[in-house]
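Colleague: Quick note: this note's numbering has the sequence shown finishing at residue 72, numbered continuously throughout.
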Amino acid sequence: MDRLAKSERVRQSIVRYAFRFYMGRNEMLSDSQTLIDADRSYVQSGGSFKAVIISLLTSDSFIYRK
């Protein structure tokens, strides 16, 4: 479990799947900054999923979604 918790790939997968769930679509190249920001929020918060959600829901990708 510790190996999964420390894995960059797992972290990025969590962020990507949260993005897909909250945006209701797959990510596009134009969403890369949103994903980077959400990942950064996760790391800076010490692994808080709440930080990922806040980052996604306050992003331009969410605010201006179609």
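In this text, a Cβ means the ideal position worked out from N, Cα and C, and glycines have one as well.
#1: Verify whether the separation of the beta carbon atoms of M29 and F68 is less than 8 Å.
#2: Report the three-state DSSP secondary structure of R33 (helix, strand or coil).
#3: Measuring alpha carbon to alpha carbon, tell me which of V21, K72, M7, G52 ends up nearest Q39.
#4: Would you kindly work out how many angstroms separate the C-alpha atoms of A44 and D66, rounded to a whole number?
#5: Measure from the alpha carbon of L62 to the alpha carbon of each residue in A24, S36, S13, then state which is nearest.
Modeller: Concretely, from the data shown:
#1: Closer than 8 Å, so yes.
#2: Checking the displayed sequence, the identity of residue 33 turns out to be Glu instead of Arg. E33 carries a coil assignment under DSSP once its states are collapsed to helix, strand and coil.
#3: V21
#4: 12 Å
#5: Of the candidates A24, S36, S13, A24 places its Cα closest to the Cα of L62.
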